[in-house]
Amino acid sequence: MTPSPVLRRFGSSLRTIHHPSRKVLSVTVYRPVISASASASASASPTTTTTTTTTTPQTRWSSHAPMGPASSQQTRKPVTISTLRNMYKKNEPIAMLTAHDFPSAFVADSAGMDMVLVGDSLAMVALGMNDTNAVTLDDMVLHCRSVTRAVRSAFVVGDLPMGSYEVSPQQAVQSSIRLVKEGHVQAVKLEGGVDFASTIKAVTTAGIPVVAHIGLTPQRQNALGGFRAQGKSVAGALKLLDDAYAVQEAGAFMVVLEAIPAEIAAIITKKLRIPTIGIGAGDGCSGQVLVQIDMTGNFEPGRHLPKFVKKYANVWEETKRGIEQYRTEVKNRQYPAKEHTYAIDEEHVAEFQRLVDEQSPKKRQE
1 MTPSPVLRRF GSSLRTIHHP SRKVLSVTVY RPVISASASA SASASPTTTT
51 TTTTTTPQTR WSSHAPMGPA SSQQTRKPVT ISTLRNMYKK NEPIAMLTAH
101 DFPSAFVADS AGMDMVLVGD SLAMVALGMN DTNAVTLDDM VLHCRSVTRA
151 VRSAFVVGDL PMGSYEVSPQ QAVQSSIRLV KEGHVQAVKL EGGVDFASTI
201 KAVTTAGIPV VAHIGLTPQR QNALGGFRAQ GKSVAGALKL LDDAYAVQEA
251 GAFMVVLEAI PAEIAAIITK KLRIPTIGIG AGDGCSGQVL VQIDMTGNFE
301 PGRHLPKFVK KYANVWEETK RGIEQYRTEV KNRQYPAKEH TYAIDEEHVA
351 EFQRLVDEQS PKKRQE
């Protein structure tokens, strides 16, 4: 029996082809369209190889489309180091947020974040690890690449994970180059103060911008006795100031201050010539950063949150509500409804049913 035809559109022409498997495949096909002038030129001179072509895309019948802005959506100008420095000079607070994949980066950028940090906190929030020390450089490269595919305007910074920069400044440079070349970030972040000034200098000398990180440094939480606020004594505060000066002189263009008393962070900020980004360090910093799933409430109730986190939304509950409703509608055959299905001419259905009823499964496969 002759297989039923499958129709596919090539550019503006419609051709009929036979597909023995009877499976209708939805594909996007591009047909080169040669301009009249190029065609005439080619006829006059057979050796001419230059042509003017355009491509005509077919409508995409996929179950989902790649995420991206609507064609009418206005995009911001890309944020650069110069942009951030100008914001600092004008005393305009810098808004930074973490992202760990395409969707989280896309929404952060769409919401107008100045900076997006691909933090090693993704070890816990995206990969289910117990702490940040378990994440590898390969993990970070993968997630940085996913984030930078989504971001169109924000300045993207990638974390150097534990084990990727402590051995030597040369190791730090090599790891930073990977994040920039493979992860496509615009800067790297690394933890440490005075002890890592030479490392920061080596990376910046290689032409890679560095965001330093002092105070509570999660990668060293075992040495710090856990996740504890830093700089709560005079000696501790002076050490933080020394760290801040050291990373500034080493070439860092920005420094994160984590879990530091607000008063101490404000004094340090005023003493520096580079912006400070606070996380649990009060409103006297040049800007702020939070972990996205913390501030959006995308976690199960009862999860412990640091004192400095403000919950701006309840993504977990709204997502759970939607999923529960979906499950209920599937169980009750309420979904999918007619508006969620593709139309077909009734005569085609009738003909298909007739053919199915008339033939045995074995004969249809012949």
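By the numbering used here, the letter at position 28 of the sequence shown is numbered 28, and the numbering carries on one by one without gaps.
Glycine is no exception: its CB is placed at the ideal position from the N, C-alpha and C atoms.
Just to check my reading of the structure: residue i and residue j have Cβ atoms closer than 8 Å, yes? What is that Cβ distance to the nearest angstrom?
i: G287; j: A95; result: 6 Å
i: Y165; j: T199; result: 6 Å
i: A252; j: G284; result: Not quite, the Cβ-Cβ distance comes to about 19 Å (not below 8 Å), so this is no contact.
i: V173; j: A197; result: Not confirmed; about 15 Å, so no contact.
i: A229; j: L257; result: A229 to L257, Cβ: 11 Å. No contact.
i: M140; j: G183; result: 7 Å
i: C144; j: V185; result: 5 Å
i: D114; j: L84; result: 7 Å
Taking residue i as the reference, which of the options has the closest Cα?
i: G236; options: G215, Q219, A250; result: G215
i: H213; options: P78, T148, I277; result: I277
i: F102; options: P161, I267, T148; result: T148
i: Q219; options: D159, R178, S233; result: D159
i: Q248; options: I264, P275, R354, T80; result: P275
i: V180; options: P209, M162, V167; result: P209
i: Q80; options: V118, V157, Q353; result: For the sequence presented, residue 80 should be read as Thr rather than Gln. Of the candidates V118, V157, Q353, the one whose C-alpha sits nearest the C-alpha of T80 is V157.
i: N86; options: R273, V188, S121; result: R273
i: L117; options: A105, I264, I260, A111; result: A105
i: L122; options: E351, V291, Y312; result: V291
i: K311; options: K320, R321, Q353, F299; result: F299
i: G163; options: L142, T132, I177; result: T132
i: G231; options: P336, M295, I267; result: I267
i: A187; options: V255, Y245, D345; result: V255
Could you tell me the boundaries of the beta strand (DSSP E) in which residue i lies?
i: F155; result: 155-159
I need the boundaries of the alpha helix (DSSP H) containing residue i, first residue and last residue.
i: Q230; result: It is not in any alpha helix (DSSP H) - Q230 carries neither H nor E in the DSSP assignment.
i: I344; result: From DSSP, I344 is part of no alpha helix (DSSP H); its letter is neither H nor E.
i: V180; result: 169-181
i: L142; result: 137-150
i: I323; result: 315-331
i: L238; result: 234-250
i: M295; result: 292-296
i: M124; result: 122-125
i: T205; result: 197-205
i: T269; result: 262-271
i: T83; result: 81-89
What are the residues that DSSP puts in a beta bridge with residue i?
i: E191; result: H213
i: L117; result: T98, V157
i: G287; result: I94, I277
i: L257; result: I214, G278
Is any non-hydrogen atom of the ligand FMN found closer than 6 Å to the C-beta of residue i, if you look at the structure I gave you?
i: A95; result: Of ligands this structure carries none, so the ligand FMN is not represented either.
Does the beta carbon of residue i come closer than 7 Å to any beta carbon on chain B?
i: E346; result: Absence of chain B from the displayed structure is noted, only one protein chain being present.
- Item | Cβ contact check for the segment 85-95 and the segment 126-137: 3 or more pairs under 8 Å | no
- Count the CB pairs spanning the segment 147-154 and the segment 189-199 that are closer than 8 Å, and state whether there are at least three. no
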